[in-house]
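Student:
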Amino acid sequence: MAARPYITYPKPNKPVAKTEVPGTVFVSEPGQVSFGANDFAPGLFRPLHGHHTWELIIIDGSSEGPGYTQFDGRWWRVDPGASVFVPKGCPHSWSAGNTRGFRMLWVYGGSRDEAGRIWHVKPEEARGISPEEEKNAL
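The numbering of the sequence shown is our numbering, which starts it at 4 and goes up by one.
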């Protein structure tokens with residue numbers, strides 16, 4: 004039987020710990036694609052990292068605030084409805100603003116396990132965007 008389409012229904016993500024970014028994997032097809040969502044509450048962040056596959060990020064259009072991504076040594080503002088393509092292996096980080104959160108929809112060019120996560124900093128030593136950096140983000 005050939006591969007068939009299927010439908011997934013997202014459930015709200017609930018934080019497990021104050022510093023953990025909650026998320027859900029909706030689709031994970033080895034050698035093909037994976038798709039999921041992460042909810043960033045105000046102040047939550049994911050430290051500098053890369054993946055073994057490309058990644059497409061879309062900031063949910065219904066998000067309260069923008070997401071902020073860091074690459075090339077600076078922070079960039081990503082408004083609701085906008086997207087970011089991250090090439091394979093490119094170091095990047097994500098942060099919610101200090102007063103508003105956002106929902107990230109992500110797509111990897113392979114399963115979630117194939118994409119993996121390569122840390123470029125010690126997560127416990129990293130920090131999210133500061134109010135000053137948030138104000139100056141491009």
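Cβ coordinates follow ideal geometry from the N, Cα and C atoms, glycine included.
Just to confirm, are Asn101 and Pro50 a CB contact at a threshold of 8 angstroms?
Tutor: In this structure, Pro50 does not lie closer than 8 angstroms to Asn101 by Cβ.
Student: With Ala85 as the anchor, note down where its alpha helix (DSSP H) starts and where it stops.
Tutor: Unbroken run through Ala85: none, as it is neither H nor E.
Student: Who are the near neighbours of Lys91 in its chain, counting only those whose CB is closer than 6 angstroms to its CB and skipping five residues on each side?
Tutor: Answer for Lys91: Thr56 and Trp57, listed in chain order.
Student: Would you report the Cα separation of Arg3 and Asp63, rounded to the nearest angstrom?
Tutor: Any property of residue 3 remains undetermined from this structure, which presents the chain solely from 4 to 141.
Student: From the DSSP output, in three-state form, read off Asn101 for me.
Tutor: The answer is coil: DSSP assigns Asn101 none of H, G, I, E or B.
Student: Which residues in the same chain as Leu141 place their Cβ atom closer than 6 angstroms to its Cβ, once the five residues preceding and following it in sequence are excluded?
Tutor: Cβ neighbours of Leu141 beyond the five flanking positions: Trp79.
Student: Assuming Val87 and Pro69 are in contact, meaning their beta carbons sit under 8 angstroms apart, how far apart are those beta carbons, in whole angstroms?
Tutor: Wrong, their Cβ atoms sit about 11 angstroms apart, outside the cutoff.
Student: Note down the Cα distance separating Glu32 from Ile61, rounded to an integer number of angstroms.
Tutor: Cα to Cα, the separation comes out at about 19 angstroms.
Student: Counting only C-beta atoms, is Gly119 closer than 8 angstroms to chain D at any point?
Tutor: This model lacks chain D altogether, as it is built from one protein chain only.
Student: Quick one: give me the first and last residue of the beta strand (DSSP E) that Arg77 is part of.
Tutor: First-last of the beta strand (DSSP E) with Arg77: Arg77 to Val81.
Student: State the start and end residues of the unbroken beta strand (DSSP E) segment that holds Asp42.
Tutor: Where Asp42 is concerned, the enclosing beta strand (DSSP E) stretches over Val36 to Phe43.
Student: What residue range is occupied by the uninterrupted beta strand (DSSP E) comprising Pro50?
Tutor: Element bounds for Pro50: Phe48 to Gly53.
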